[in-house]
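Those protein sequence lines, which keep their order, are chains A and B.
Per our numbering: the first sequence ends with 1512, consecutive numbering throughout.
Per our numbering: the second sequence ends with 360, consecutive numbering throughout.
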Amino acid sequence: MPATIGALADHGVRPVTHVITLLGVDITFACGEQSTVLRALATVYQAGSIVSGCHGGGCGVCRVRVAQGHYECSAMSRAHVTPADEAEGITLACRTWPRSDLVIEAIGRRRPARSAPPTSKGVTEWES
Amino acid sequence: MAAFRPGHRSNRQAATSAIRSANEQRSYRMGIMRLGHVRLHVLDVDEAARHYEETLGLLRSHRDDDGTTYLRGWDEWDMYSVILMPSDRAGIDHTAFKVRTDADLDDFRKRITAAGVAVTELAPGQLSFCGRAIRFDLPSGHDFYLFADKEQVGKAVGTTNPDPWPDGLKGVGVHWLDHVMLMCEANPETGTNTVADNVSFFSNVLDFGLSEQVLAGPDGDFMAAAWMFRTSTPHDIAFGAGPVSGLHHVSFFLDEWSDVLRAADILAKREVRVDVTPQRHGITRGSTTYFFDPSGNRNETFAGLGYLAQPDMPTITWDGEHLWRGIFFHTGAVIGDFLGVYT
């Protein structure tokens, strides 16, 4: 009998997909259990409040708070997500695999507060 | 010395040995020669080693019991230029440059101390597989080392009638670690600018040349980035202004543009996170592609000499308006968050 999606599902190996809701920008997108939240988001939406950075858990620009749902994480830089952060549901979207539908909120990297951007075009862009 | 026999192999050996000996007797002082190595923090050292060995094609020289891995390019002769260090974060642990002689270390220790910077002396072996070394903090806060000796393993093609490149390279097959770009804490509002502080230190104390600079800000006097050299290429180290100090990228040398294109093909085939597809830099004139290692440290493959950099070459200046033309020459526009994303 030829393998079909149905047959695969019968054996419990059909890819499981969850719905991710990104608060603040009113967008929902699908994310499989084999994909990170950021990778799924990057295929549908580029200019969001979650910046697509290094995708390796190192730069911290995709820092999010999971308001609702279950997920698993892989190694992330402790410079950006501390154990205390992790206990509060803070994670990096590039290191987060959904295990249920998720509601997430972008909160930006953990870095010292920046001063108001200077008026010069060059410096403002440089500090982007 | 053996008697001279016309056409005999030993003649060449004798001549080579005589030249080497004359150089040593002259106690030829050159100060800093080149970028020696970078030590990188990685979140998973096995995954990182796979990236640098299988995809970039660096060769493994050594692995410590804790997984710390020492790598080199096939065209390098010192034992390593990249150290991967298991860590709970990404980024750069330290940068080290190689000086010509042991006496250079004493000279630099005096000069750096005189500049008001604390210097620590390291016994041979404290810097892995190196002779004695000195360490100090850059004005930007980065950990920095100078050393004169490191164990050597030789180029993969050897030194006798060598082939132009070795067989069996993996992935991109980069030649050598070419340069490093550090992000340096700066805040125009408070007048803090460790890019400018580093440039002053590297010019006045470490004898680097300044090939190019970005002068931005309302009065065009805020040094937002700088490219500096000790070799004859446009940069061995670069500095960029950011809200906190860190690592912008480490770069590996390739011969030419077609090699950069092939590198990007290899990255895509392996689903490596590519940051910037192949293009031309205005600054340094290099051809480039940027990508991330599995911990998010930015890598670059960089091809071409750029131009001949010499200590008396007038410095090139880019203003704030043309900053992006300098970085990505064709579009003159920002790509992603190129300067905001770093480790």
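Backbone N, C-alpha and C fix where the C-beta goes; we use that ideal spot for every residue, glycine too.
- Contacts with chain A (Cβ-Cβ distance below 7 angstroms) from the region 290-312 of chain B involve Arg290, Phe309, Asp310, Pro311 and Ser312, listed in chain order.
- In terms of Cβ geometry, B/Trp91 and B/Leu76 form a close pair [threshold 9 angstroms].
- Of all residues in the region 1433-1465 of chain A, those with a C-beta nearer than 9 angstroms to a C-beta of chain B are Val1435, Ser1436, Gly1437, Cys1438, His1439, Gly1440, Gly1441, Gly1442, Cys1443, Gly1444, Val1445, Ser1458, Ala1459, Met1460, Ser1461, Arg1462, Ala1463 and His1464, reading in chain order.
- Contacts with chain A at 9 angstroms (Cβ-Cβ) include B/Thr360.
- Closer than 7 angstroms at the C-beta level to chain A, one finds these residues of the region 47-65 of chain B: Leu60 and Asp61.
- In terms of beta-carbon proximity, B/Asn314 lines the interface with chain A, with at least one pair separated by less than 9 angstroms.
- Under the Cβ criterion (8 angstroms, minimum of three pairs), the region 69-88 of chain B does not count as touching the region 323-333 of chain B.
- In the structure shown, B/Val191 falls within a coil segment according to DSSP collapsed to helix, strand and coil.
- Using beta-carbon distances, B/Ala107 counts as an interface residue toward chain A, with a partner under 9 angstroms.
- Nearest CB-CB separation between B/Gly357 and chain A: below the 9 angstroms threshold.
- Contact with chain A is found for B/Gly353, since one of that chain's Cβ atoms lies less than 9 angstroms from the residue's Cβ.
- Between the alpha carbons of B/Ala150 and A/Glu1417 lies a distance of about 49 angstroms.
- The secondary-structure analysis by DSSP pairs B/Lys167 across a beta bridge with B/Cys147.
- For B/Asn316, the enclosing beta strand (DSSP E) stretches over residues Arg315 to Ala320.
- Spanning the alpha carbons of B/Pro179 and B/Glu168 requires a straight line of approximately 21 angstroms.
- With a cut-off of 8 angstroms on Cβ pairs, the region 226-244 of chain B is in contact with the region 196-212 of chain B, counting three or more such pairs.
- Residue state for B/Ile254 is assigned as strand, using DSSP reduced to three classes.
- With 16 or more neighbouring CB atoms inside 10 Å of its own CB, B/Ala280 falls in the buried class.
- Rounded to the nearest angstrom, the Cβ distance from B/Asn314 to B/Thr248 is 23 angstroms, too far for a contact under 8 angstroms.
- Take the alpha-carbon of B/His265 and the one of B/Trp244: they are about 13 angstroms apart.
- Residue pairing of B/Thr209 in beta bridges, as defined by DSSP: B/Asn204.
- DSSP links B/Ile49 through a beta bridge to B/Val116.
- The residue from B/Ala233, B/Ala173, B/Leu122 and B/Pro311 with its alpha-carbon nearest to that of B/Asp166 is B/Leu122.
- Looking at the backbone, the Cα of A/Val1403 and that of A/Thr1480 are separated by about 14 angstroms.
- In the three-state reduction of the DSSP assignment, A/Pro1467 falls in the helix class, which pools H, G and I.
- The beta carbon of B/Gln230 is closer than 8 angstroms to those of Val216, Met240, Ala242, Ala243, Trp244, Thr332, Ile333, Thr334 and Trp335 in its chain, skipping five residues each way along the sequence.
- Inside the region 215-256 of chain B, DSSP marks whole beta strand (DSSP E) runs of 3 or more residues at positions 226-233 and 239-246, from first to last along the chain.
- Less than 9 angstroms separates the beta-carbon of B/Gly323 from that of B/Thr250.
- Secondary structure note for B/Asp82: it is in no alpha helix (DSSP H), with a DSSP letter that is neither H nor E.
- CA-to-CA, the gap between B/Ala66 and B/Leu284 works out to about 15 angstroms.
- Per DSSP, the continuous alpha helix (DSSP H) segment holding B/Gly343 begins and ends at Leu340 to Ile344.
- Just measuring C-alpha positions, the residue of B/His298, B/Pro311, B/Thr112 and B/Leu271 sitting nearest B/Arg287 is B/Pro311.
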